[in-house]
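Here you go:
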């Protein structure tokens, strides 16, 4: 039997493991599921005869090397910062490697060794990064092959709650790491290019510069800019494109309300607050408002942020109970972001029957035979339940499919890479369709930035 | 003759050197002015027979040690990060040291060695830090000596343009390092305590949370919070004070207009802009605004920041020429902050006849015999010209006075210290009066935070 070693059995590994176990008889696979917690590994193996859950501490060098040496291919689902130990062993023992993480500079530096040994190190093959690369490159390459010239590319992805589980005013629940949601947008300025003009959005304006998008059968969404769209020019071969913009999808109205937290300073993760443990939620928000001996916290918030009496934002704030004077934060030396996360987790955690949803949306503008054209393409995936979530499916299935294709010699080009070549994305996108992960594409009139031809 | 070694002959050393040279005959002093540029040193020495300008590179260890060894006392006017080399030599050769900089952790670590050798290392004895410490502690100690209990301390300092030279709409010119003005407030959240409540102001609200102050004969000013007011509790012995707030002074309206730059992202110093060199001022501001094929940059700014047609802010923006489409930035790989600084320097640089002004304002609230009382105290210093500026006088004279008093054995308590003991601040504040640096103090009704006794 051929041994596939999966290191890291977190939430995103469920669909990955299921795919491989389902194919294990036919493909003659033993799926070794290694995690620091044997329980995590056992849960995913579900007593399948071809599944072998093991406890593995990746910092236990001997055990790690032993497992990698004995495997035929390795999948690392560890947090990105832990990939390197695994990657070096894979080079040493001549094993192919698959990850869903961004290629780090450190990993990139292994490229020559990987090529010398004829190995395939496939990365960024989850959802985002992953399906975004593949689905975008498929259309971009097709346009280029037809002789078209790309002039615009916009791409948005979001992890949301499924419509049937969407029952709060924010139309949002935490379907992934809540911390990333709370600190989103803080790593640096959002930069992109529109019609040849470089644009920069500072954090304090990020949640007020959203744009609307509409997806058939799912209604309206909003997109807000990601940090660095410009690096995709090189990755996608779009060096002289006029417009390149990548972003995150939320339901309409989320960002405008979230902006309240940003403006008040409640998402700051850079300092700890005095006496955070014994603070009430009301004390927490009041810390960001001017002192006054009798004015209410509510009126101070309305005044500070100019919130009208009938603004729906207000109901969103009430819904997350931010003005509660009884509930205590209960976190020692916590940052504002940690406190806000705790408050939101009480309201935005999925209920046992809730399902998540992944939405991806691309817009391609191009010129062909002197004419401007536009293609819109989107993907919506709903989770089955809280194990086989939309996130687990969209992250794990491309990893699983790629792994089997590498093992079966269908993907062979060696090197540290991401899935932007036809050899890789075509068969994977094709097979993903069998799992309900597919794109709806339509050609629309080229709209650009002045769709109604307005003049001054 | 007794040798005073001054290392660093920048703009802030002029009044310091003059003071010492003026006293040099009577006090039997040789004033050695050492700078990496001999011209700088010569300019300050003005051919005075007791002045000795020398060229000194502080990283030339042998020369540095030689000069320090041959001196009787050392003043370091170097940028704070260069003090340590000098300080270590002073310990080695048993020389007293005076600086106007904050005590670094590294310098503090020398305290035991300094005390063992019976040396005085006096720091934070310029303007801010310096005169602020001394003038505050004089009042605080007096209140405590009378049996009073401090309940509130607010303190503001600003470097401004003198009223006779104040001829722009911002009522502001660069009188010191422009870079510090452009990035002001970005080092971390502003935190303070008001009536026992901890308050935090994020950067994006900092310039909208100003408070007004009035100084007799000089009119109204505004104060905005400094980064960390809380550390002064320990320094000033105000551990259980209810209100402690330190800030920066500007003329009324400055902060509200500056906030435009903050909101747009033009003060960001964390990334460089694409094509900054060939950008016009208009391109620069447009980089922070949404793309539109025909709307003007002006209207986009007004809309983005909700600036009414008749708002005076607008004239301030026009005055600094920020919409100019002809003028080029001319700086390669520049950050937004560097570009903004360049644009403002064109308008806010002092003319040859302009004078600067230093304003300091303290508010002390205390309880004595069951009654609440309040003292307000302020200092205004106008520069003589562009050599003997208000900044040079208020930074340099306390350094000079302290140096002579240490040399003459009037200040003797050893250790790495700042001027918060009566032995130090009383004689120095007294002598500063001879140079027009004095505080006007008045007792007012205790106003606290509800001066008009308003109720709900």
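Protein chains in written order, with the numbering used here: chain Y, 2 to 457; chain A, 2 to 457.
For every residue, glycine included, the Cβ atom is placed at its ideal position computed from N, Cα and C.
All values derive from a computational prediction rather than experimental measurement.
DSSP beta-bridge partners of residue i
{"i": "residue 164 of chain Y", "result": "Note: residue 164 of chain Y sits in no beta bridge, so no partner."}
{"i": "residue 458 of chain A", "result": "In the structure displayed, chain A extends from 2 to 457; residue 458 of chain A sits before or after that span and is not available."}
{"i": "residue 251 of chain A", "result": "A:223"}
{"i": "residue 35 of chain Y", "result": "Y:8 and Y:55"}
{"i": "residue 46 of chain Y", "result": "Answer by DSSP bridge pairing: none, since residue 46 of chain Y is not bridged."}
{"i": "residue 191 of chain A", "result": "A:202"}
{"i": "residue 375 of chain A", "result": "A:366 and A:445"}
{"i": "residue 329 of chain Y", "result": "Y:281"}
{"i": "residue 416 of chain Y", "result": "Y:121"}
{"i": "residue 155 of chain A", "result": "A:246 and A:364"}
{"i": "residue 175 of chain Y", "result": "Y:350"}
{"i": "residue 128 of chain A", "result": "A:131"}
{"i": "residue 30 of chain A", "result": "A:3"}
{"i": "residue 150 of chain A", "result": "A:368"}
{"i": "residue 269 of chain A", "result": "According to DSSP, residue 269 of chain A bridges with nothing at all."}
8 Å Cβ cutoff, residue i in contact with chain Y
{"i": "residue 200 of chain A", "result": "yes"}
{"i": "residue 435 of chain A", "result": "no"}
{"i": "residue 223 of chain A", "result": "no"}
{"i": "residue 210 of chain A", "result": "yes"}
{"i": "residue 450 of chain A", "result": "yes"}
{"i": "residue 206 of chain A", "result": "yes"}
{"i": "residue 230 of chain A", "result": "no"}
{"i": "residue 181 of chain A", "result": "no"}
{"i": "residue 447 of chain A", "result": "no"}
{"i": "residue 339 of chain A", "result": "no"}
{"i": "residue 195 of chain A", "result": "yes"}
{"i": "residue 309 of chain A", "result": "no"}
{"i": "residue 272 of chain A", "result": "yes"}
{"i": "residue 203 of chain A", "result": "yes"}
Buried or exposed by the 16-neighbour rule on C-beta atoms within 10 Å, applied to residue i
{"i": "residue 29 of chain Y", "result": "exposed"}
{"i": "residue 302 of chain Y", "result": "buried"}
{"i": "residue 295 of chain A", "result": "exposed"}
{"i": "residue 147 of chain Y", "result": "exposed"}
{"i": "residue 131 of chain Y", "result": "buried"}
{"i": "residue 445 of chain A", "result": "exposed"}
{"i": "residue 297 of chain A", "result": "exposed"}
{"i": "residue 54 of chain A", "result": "buried"}
{"i": "residue 200 of chain Y", "result": "buried"}
{"i": "residue 434 of chain A", "result": "exposed"}
CB contact check: residue i to chain A, cutoff 8 Å
{"i": "residue 190 of chain Y", "result": "yes"}
{"i": "residue 303 of chain Y", "result": "no"}
{"i": "residue 266 of chain Y", "result": "yes"}
{"i": "residue 289 of chain Y", "result": "yes"}
{"i": "residue 299 of chain Y", "result": "no"}
{"i": "residue 275 of chain Y", "result": "yes"}
{"i": "residue 142 of chain Y", "result": "no"}
{"i": "residue 269 of chain Y", "result": "yes"}
{"i": "residue 292 of chain Y", "result": "yes"}
{"i": "residue 420 of chain Y", "result": "no"}
Range of the contiguous alpha helix (DSSP H) that encloses residue i
{"i": "residue 299 of chain A", "result": "298-305"}
{"i": "residue 99 of chain A", "result": "Taken as a continuous stretch (DSSP letters only), residue 99 of chain A belongs to no alpha helix (DSSP H), being part of the beta strand (DSSP E) at 97-100."}
{"i": "residue 136 of chain Y", "result": "132-146"}
{"i": "residue 196 of chain Y", "result": "Neither: residue 196 of chain Y is in no alpha helix (DSSP H) and is coded neither H nor E."}
{"i": "residue 23 of chain A", "result": "15-23"}
{"i": "residue 209 of chain Y", "result": "Careful: residue 209 of chain Y lies outside any alpha helix (DSSP H) and carries neither H nor E."}
{"i": "residue 233 of chain Y", "result": "233-236"}
{"i": "residue 466 of chain A", "result": "No information on residue 466 of chain A is available, as it lies outside the stretch 2 to 457 that chain A covers here."}
Run of the beta strand (DSSP E) containing residue i, from where it starts to where it stops
{"i": "residue 1 of chain A", "result": "There is no way to answer for residue 1 of chain A, as the model of chain A reaches only from 2 to 457."}
{"i": "residue 76 of chain A", "result": "74-77"}
Cutoff 8 Å: residue i Cβ touching any chain D Cβ
{"i": "residue 29 of chain A", "result": "The structure shown contains no chain D; its protein chains are Y and A."}
Fill in: Three CB pairs or more closer than 8 Å across the region 350-362 of chain A and the region 383-391 of chain A
Contact between the region 350-362 of chain A and the region 383-391 of chain A is present, because at least three Cβ pairs lie under 8 Å.
Practice prompt. Please determine if the region 159-171 of chain A and the region 246-264 of chain A are in contact, where contact requires at least 3 C-beta pairs separated by less than 8 Å.
Written response: Under the 8 Å Cβ criterion, the region 159-171 of chain A counts as touching the region 246-264 of chain A, having at least three qualifying pairs.
Worksheet item: So, do the region 180-187 of chain Y and the region 355-375 of chain Y have three or more beta carbon pairs nearer to each other than 8 Å?
Response: Judged by Cβ distances under 8 Å, the region 180-187 of chain Y makes no contact with the region 355-375 of chain Y, as fewer than three pairs qualify.
Worksheet item: Pairing CB atoms from the region 147-160 of chain Y with CB atoms from the region 233-253 of chain Y, are three or more of them under 8 Å?
Response: Contact holds: three or more Cβ-Cβ distances are below 8 Å.
Item to complete: Could you tell me whether the region 10-25 of chain A touches the region 42-52 of chain A, using the rule of 3 or more Cβ pairs below 8 Å?
Response: Counting Cβ pairs under 8 Å, three or more are found: they touch.
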